[in-house]
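Peer 1:
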Amino acid sequence: MIEIKNVSKLYNGSKGLALKETSLALEPGEFIFLVGPSGAGKSTLIKLMFREQLPTSGEIFFENRNMADYSKRELLAHRRKIGMVFQDYKLLKQKTVYENVAFALEVLGKSPKEIQKKVPEALEKVGLSQKKDKFPKELSGGEQQRVGIARAIIKQPVLILADEPTGNLDRDNALQLMKLFEKINKEGTTVVIATHAWDLVDRMQKRVVALSSGELMRDEQGGYSNNE
Ligand code: ADP
Ligand code: ADP
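This is the structure in structure tokens:
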């Protein structure tokens, strides 16, 4: 699905490389954790996959197309295929849960009929049907992130990219969220989660790609500490 070939990233005005000659292939249907300490390059990798950033050198292929060669239209199409989930949820405060999720389809120009059908389905999937008329501030952190996930999945993305999605949540909520990502993955969506929640990564037993100072240190199936 995504093939990252020898990618390095140097940000403008920064001295060191954020990513150093990293190569990585993601197959459709995979569930991958990106782990590593703060500054390791996890967010950079996610931004490159969304094409929010371009590599300084190397290439990234998405469905066999070099992402650097995208036209404007292909770039929009690329981003439509990807659901993003953020640490700070990025919900619209003035909109209800329902409206936040509906908005993701409104900006894509979907019909009211389709929106009215799909929003309840997405809310059902994340277990928030009862909270559809609440505002974000009336929800717990875990619930707010479920809205973030509903907003991502309603586009029926082929790939979900989540950057520290459980960073603001306690352990129980974080585990429930990971289980929700697992359910979405089992229904066919490829999932990539950047996190430093080692204990959860260990528990989930998925592919683990570890970065340190911009270098890929390991890429293994299964937990983390049991591979030490
Ligand atoms: P460009 O698109 O010109 O490469 P950058 O990617 O360098 O721009 O910067 C994007 C944004 O990230 C800027 O608003 C910048 O202020 C901010 N930024 C700069 N340094 C850092 C850093 N070390 N970590 C996170 N964000 C940064
Ligand atoms: P992680 O997500 O693992 O914490 P990042 O990808 O955010 O790592 O950062 C990798 C390196 O790139 C760090 O040294 C960080 O300071 C730097 N960096 C990240 N974003 C920017 C930016 N926009 N401009 C300059 N440097 C950046």
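Each residue of the sequence shown is one higher than the last, beginning at 11 in my numbering. We put the CB at the ideal spot given by N, CA and C, even for glycine.
1. Measuring straight from C-alpha to C-alpha, what distance separates P175 and E13?
2. As an exercise, report each continuous alpha helix (DSSP H) stretch of at least 4 residues that is fully enclosed by the region 93 to 117, in chain order.
3. For ligand 2, enumerate in chain order all residues having a CB closer than 5 Å to any of its heavy atoms.
4. By the three-class DSSP mapping on this structure, what secondary structure does S24 have?
5. Do you know how far the Cα of V218 is from the Cα of I92?
6. DSSP three-state call for K82: helix, strand or coil?
7. Between the alpha carbons of L149 and L138, how many angstroms are there, rounded?
8. Within 8 Å, do at least three Cβ pairs link the region 40 to 56 to the region 208 to 217?
9. Check the DSSP bridge columns for E230 and list the partner residues they point to.
10. Could you tell me how far apart the beta carbons of A204 and A172 are, in whole angstroms, since I believe they sit closer than 8 Å?
11. Going by DSSP, what residue range makes up the alpha helix (DSSP H) through S53?
12. Determine the closest residue to L29 out of G232, R228, G224, with distance taken between C-alpha atoms.
13. Can you grab the Cα-Cα spacing for the pair M11 / M188, in whole Å?
14. Looking only at its chain, what residues have a beta carbon closer than 7 Å to the beta carbon of G198, apart from the 5 residues adjacent to it on each side?
15. Do H88 and F72 have their beta-carbon atoms positioned less than 8 Å apart in this structure?
16. Quick check on I145: does DSSP put it in helix, strand or coil?
17. Among the candidates G152, K144, V136, L115, whose CA atom is the shortest distance from the CA of K193?
18. Does the Cβ of N236 have 16 or more other Cβ atoms within 10 Å, making it buried, or fewer, making it exposed?
19. Could you tell me which residues DSSP pairs with K200 in its beta bridges?
20. Within 10 angstroms of its Cβ, does A78 collect 16 or more other Cβ (buried), or is it exposed?
21. Spatial neighbours of I170 within its chain, please: CB distance less than 6 Å, with the 5 preceding and 5 following residues excluded, ordered by chain position.
22. How far does the alpha helix (DSSP H) with K127 in it extend, from its first residue to its last?
23. T66 and L20 look like a contact to me (Cβ under 8 Å); what is the Cβ gap, rounded to whole Å?
Peer 2: Looking at the coordinates:
1. Their Cα atoms are separated by approximately 23 Å.
2. The qualifying runs are 107 to 116.
3. The filter returns Y21, S24, A28, S48, G49, A50, G51, K52, S53, T54, in chain order.
4. Judged by DSSP in its simplified three-state form, S24 adopts coil rather than helix or strand.
5. As the crow flies, the alpha-carbon of I92 is around 20 Å from that of V218.
6. Secondary structure of K82 (DSSP, three-state): helix.
7. If you take the alpha carbons of L149 and L138, they lie about 10 Å apart.
8. Contact between the region 208 to 217 and the region 40 to 56 is present: three or more C-beta pairs spanning the two stretches fall below 8 Å.
9. For E230, the pairing in a beta bridge is given by DSSP as V218.
10. At roughly 7 Å, the Cβ-Cβ gap stays under 8 Å, so A204 and A172 are in contact.
11. In this chain, the alpha helix (DSSP H) harbouring S53 covers 52 to 60.
12. That would be G224, whose Cα lies nearest to the Cα of L29.
13. Each residue's CA atom was taken as its position, placing M11 and M188 some 22 Å apart.
14. G39, listed in sequence order.
15. Yes, the Cβ-Cβ distance between F72 and H88 is below 8 Å.
16. Reading the sequence as shown, one finds Phe at residue 145 and not Ile. Taken through DSSP and simplified to helix, strand or coil, F145 comes out as coil.
17. Looking at the Cα atoms, V136 is the closest of the given residues.
18. Caution applies to N236, whose pLDDT of 49 falls short of 50 and renders its modelled position unreliable; the model cannot decide the point.
19. Rather than Lys, the amino acid found at residue 200 in this sequence is Thr. DSSP lists L169 as partners of T200.
20. The residue in question, A78, is exposed, as its Cβ has fewer than 16 Cβ neighbours within 10 Å.
21. Result list for I170: G93, A162, T199, V201, in chain order.
22. Counting along the chain, the alpha helix (DSSP H) containing K127 begins and ends at 122 to 135.
23. Between the beta-carbon of T66 and that of L20 there is about 4 Å, and that keeps the pair under the 8 Å contact cut.
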